[in-house]
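J.: First residue of the sequence shown: 1, per UniProt numbering; consecutive thereafter. Take a look at the following structure, please.
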Amino acid sequence: MTELPTSAAAQAETPVEPAAATEQRPVLVVDFGAQYAQLIARRVREAGVYSEIVPHTASASDIAAKNPVGIILSGGPSSVYEEGAPALDTGVFDLGVPTLGICYGFQVMAQALGGEVAHTGLREYGATDAAVTGDGGVLLGGQPVEQNVWMSHGDQVAKAPEGFAVLASTGATPVAAFGSDERRFYGVQWHPEVKHSDYGQNVIENFLHKAAGLPADWNSGNVIAEQVERIRAQIGSGRVISALSGGVDSAVSTALVHEAVGDQLTAIFVDHGLLRKGEREQVENDYVASTGVRLVTIDAREQFLSALEGVSDPEQKRKIIGREFIRSFEAAERELVAEAAADGEPIRFLVQGTLYPDVVESGGGTGTANIKSHHNVGGLPEDLQFELVEPLRTLFKDEVRAIGRELGLPEAIVARQPFPGPGLGIRIVGEVTADRLEILRDADAIAREELTKAGLDGEIWQCPVVLLADVRSVGVQGDGRTYGHPIVLRPVSSEDAMTADWTRLPYDVLSKISNRITNEVREVNRVVLDVTSKPPGTIEWE
Ligand code: XMP
């Protein structure tokens with residue numbers, strides 16, 4: 001293999017900005033340090049306009065260099081009065097770019113433009129009645145006068161800047177929105193990006209399409225065309241490999257690269273035996289049929305089972321599974337690299353399904369706000385010596401799914417709920433054996449089938465099915481006593497898996513699942529429902 005930088009080093013050396021997925025100029029969302037910026041960026045894209053997130057520490061010239069067609073200042077956790085409150089280079093307001101301030105961003109804007117922000121002690125949290133003032137201007141024009149908005153603030157704008165009209169008020173906040181059609185600057189105290197604000201998306205769309213005059217022309221179709229071009233430019237005539245896990249991100253990134261460079265790509269799929277029923281076939285048959293990708297499957301089932309023999313401790317299991325995965329992947333990679341070198345075409349590139357939230361949470365490539373680092377997102381070895389190809393780096397999960405559909409991938413893969421890398425290995429509480437895997441696979445398949453049949457897939461984030469392999473309880477089946485294992489159903493609702501609540505599934509669906517599992521799966525005589533939120537329980541049992 002040629003001497004190339006390691007993947008981590010390669011990441012560090014790549015340009016700091018995530019490569020724009022589009023030649024279109026972006027709407028920039030300035031992040032004041034809360035969770036809101038990502039949601040705003042998603043809403044902008046839902047309106048058909050490309051958006052990117054920048055930290056509030058970006059200077060006016062950094063921002064100007066990105067050629068923005070609109071700027072949105074996000075909410076944030078601070079008060080503008082606090083010492084060290086996140087500030088903005090006020091030169092941003094001299095760029096002549098249409099700007100919308102939201103919550104904290106609204107107050108930052110008011111202060112910078114000569115208005116007044118007051119610490120009145122009056123707070124508004126959650127659903128609040130707002131009244132549109134006058135004709136509502138470009139931002140709120142045409143909307144109902146009375147509307148429900150979602151607030152979360154302590155300070156408030158006491159006086160709008162000179163030349164700005166007050167566009168809305170609430171009981172506690174006389175200046176709840178303002179705007180200047182002449183300067184194309186607007187602000188709202190509430191959060192239009194959350195679904196609880198009745199006309200929230202309408203506010204964002206009015207700003208984008210009417211105030212900033214931007215067309216709704218950004219969609220998954222043009223992302224594919226642009227990415228294909230980029231990938232071709234990066235890879236040229238080189239060869240590339242990709243680790244396919246069966247999950248959405250690796251499936252879509254692999255399909256995009258295949259669309260761009262065809263048989264220069266080889267996908268590697270490690271069957272570690274901890275997959276659910278039908279998953280290997282889904283990849284080997286349906287995925288390959290829909291993409292035409294060249295696939296190498298590594299059958300590592302025996303290898304994983306023997307490495308897991310006698311191990312019950314969850315952390316130890318995870319470590320073993322991670323280690324064996326790397327071993328199998330590296331063995332496949334060495335073989336392919338040797339084969340390719342014999343043809344005189346070394347493999348230089350590795351595909352990764354890194355998503356935009358991973359990039360943003362790793363500091364957005366800007367060196368700030370490093371919440372967590374996502375190197376080797378697919379759990380691949382750190383010292384793999386490849387240049388990374390990351391075609392999803394600017395995309396959110398729902399956009400990735402849309403692209404997958406556009407590329408013709410099977411719905412069963414595109415709509416897949418999250419499934420952990422260590423697979424069923426961490427859903428068997430106790431030692432992992434071939435027999436136990438068989439029991440769990442059968443029970444899991446029934447639960448999934450019934451949930452899908454009941455049309456509940458969209459309502460649940462995921463539903464781990466867990467086998468308590470070291471627990472037995474007494475039952476009666478037919479006329480005989482049984483001494484079988486319990487199966488736990490763990491349906492959860494969540495936005496991001498950081499917190500979750502248990503999903504209130506209809507009783508008749510639960511009953512159907514329980515009946516079928518206890519009738520059809522030997523060894524299982526009891527089905528129980530996990531009614532714990534996260535925290536305190538995690539989603540997976542191990
Ligand atoms: P927990 O159990 O921590 O899970 O509440 C949160 C989310 O992460 C998934 N998960 C994993 N995904 N490798 C993964 O790729 C892992 O080791 C792993 N452990 C948990 C879990 O399914 C849930 O979506």
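By construction, the Cβ of each residue, glycine as well, lies at the ideal position given by its N, Cα and C atoms.
By DSSP, does S152 sit in helix, in strand, or in coil?
T.: Strand at S152.
J.: Would you check whether the ligand XMP has a heavy atom nearer than 7 Å to the C-beta of K317?
T.: Checking the Cβ of K317 against the ligand XMP gives no.
J.: Under the criterion of a Cβ to heavy atom distance below 7 Å, does Q462 qualify as lining the ligand XMP?
T.: Yes, the Cβ of Q462 comes within 7 Å of a heavy atom of the ligand XMP.
J.: Heavy atom of the ligand XMP less than 7 Å from the Cβ of S497, yes or no?
T.: Reading off the sequence shown, one finds Ala at residue 497, where the question assumed Ser. The answer is yes for A497.
J.: With a threshold of 7 Å on Cβ separation, who are the neighbours of T133 within its own chain once the five nearest residues in sequence on each side are excluded?
T.: Closer than 7 Å at the Cβ level, and outside the excluded window around T133, lie V166, L167, A168, S169.
J.: To test your reading of the DSSP string, which unbroken beta strand (DSSP E) runs of 3 or more residues are found completely within the region 93–134?
T.: Fully enclosed beta strand (DSSP E) runs of 3 or longer: 99–102, 116–118, 124–132.
J.: Between the alpha carbons of A130 and P174, how many angstroms are there, rounded?
T.: When rounded, the distance between both Cα atoms is 10 Å.
J.: So residue 545 and P464 are in contact, right, with Cβ under 8 Å, and what is the actual spacing, rounded?
T.: Lying outside 1 to 542, the shown extent of the chain, residue 545 is not represented and no answer is given.
J.: T128: beta carbon under 7 Å from a heavy atom of the ligand XMP?
T.: False, no ligand heavy atom lies under 7 Å from that Cβ.
J.: When you compare the region 103–113 with the region 180–195, are there three or more beta-carbon pairs, one atom per stretch, that lie closer than 8 Å?
T.: Counting Cβ pairs under 8 Å, three or more are found: they touch.
J.: So, does the region 244–258 touch the region 400–420, judging by three or more C-beta pairs under 8 Å?
T.: Judged by Cβ distances under 8 Å, the region 244–258 makes contact with the region 400–420, as three or more pairs qualify.
J.: Just verifying my parser: in three-state terms, what is the DSSP assignment at N219?
T.: Reduced to three states, the DSSP call for N219 is coil.
J.: Quick check on the DSSP output: the beta strand (DSSP E) that includes S169 runs from which residue to which?
T.: 165–170 is the span of the beta strand (DSSP E), which, as asked, contains S169.
J.: Determine the DSSP secondary structure at I321, reduced to helix, strand or coil.
T.: Correct three-state label for I321: helix.
J.: When you compare each of D470, G141, V92 to E523 by their alpha carbons, which one comes out closest?
T.: Of the listed residues, the one whose Cα sits closest to E523 is D470.
J.: For G136, which option in G84, K159, Y199 has the closest C-alpha, if you only look at C-alpha atoms?
T.: Checked all of G84, K159, Y199; the closest Cα to G136 is Y199.
J.: At what residue ranges does the region 392–440 contain a whole run of the alpha helix (DSSP H), taking only runs of 4 or more?
T.: Those alpha helix (DSSP H) runs which fall completely within the region 392–440 and span 4+ residues are 397–406, 411–414.
J.: Is the region 496–508 in contact with the region 454–462, if contact means three or more CB pairs nearer than 8 Å?
T.: Enough Cβ pairs lie closer than 8 Å, so yes.
J.: By alpha-carbon positions, which one of E116, R516, I517, V488 ends up nearest to V531?
T.: Among E116, R516, I517, V488, the Cα nearest to that of V531 belongs to V488.
J.: Hey, could you find the ends of the beta strand (DSSP E) L355 is sitting in?
T.: Careful: L355 lies outside any beta strand (DSSP E) and carries neither H nor E.
J.: Which of the three DSSP states is assigned to F304 in this structure?
T.: DSSP places F304 in helix when its eight states are reduced to three.
J.: Just to confirm my understanding: we take V261, look at its own chain, exclude 5 residues before and 5 after, and list those with CB closer than 6 Å. What are they?
T.: Contacts found: I235.
J.: What I want to know is whether the C-beta of T538 ends up closer than 7 Å to one or more non-hydrogen atoms of the ligand XMP.
T.: T538: yes, Cβ under 7 Å from the ligand XMP.
J.: Quick one: what's got a C-beta closer than 8 Å to F349's C-beta in the same chain, skipping five residues either side?
T.: Cβ neighbours of F349 beyond the five flanking positions: Q234, I235, G238, R239, V240, I241, F386, E387, L388, V389.
J.: Heavy atom of the ligand XMP less than 7 Å from the Cβ of G344, yes or no?
T.: Because no heavy atom of the ligand XMP lies under 7 Å away, the Cβ of G344 does not count as near it: no.
J.: If we call anything under 8 Å between Cβ atoms a contact, is H119 one with D62?
T.: Cβ distance not < 8 Å, so H119 and D62 don't count as in contact.
J.: Could you spell out the range, first to last residue, of the alpha helix (DSSP H) harbouring E387?
T.: Unbroken run through E387 is the beta strand (DSSP E), 387–389; no alpha helix (DSSP H).
J.: Among F207, G278, Q147, K210, which has the Cα closest to the Cα of R441?
T.: Of the listed residues, the one whose Cα sits closest to R441 is G278.
J.: If contacts are defined as beta-carbon pairs under 8 Å, then L274 and E284 qualify, I think. What distance do you get, rounded to the angstrom?
T.: Their Cβ separation, rounded to whole angstroms, is 16 Å, which puts L274 and E284 out of contact at 8 Å.
J.: Considering only the beta carbon of each residue, do A225 and L244 sit closer than 8 Å?
T.: Not in contact: A225 and L244 (Cβ atoms no closer than 8 Å).
J.: Out of curiosity, what's the CA-to-CA distance linking D89 and G121?
T.: In a straight line, the C-alpha of D89 is about 28 Å away from that of G121.
J.: Express the C-alpha separation of S180 and A212 in angstroms, rounding to a whole number.
T.: Straight-line Cα distance between these residues: approximately 12 Å.
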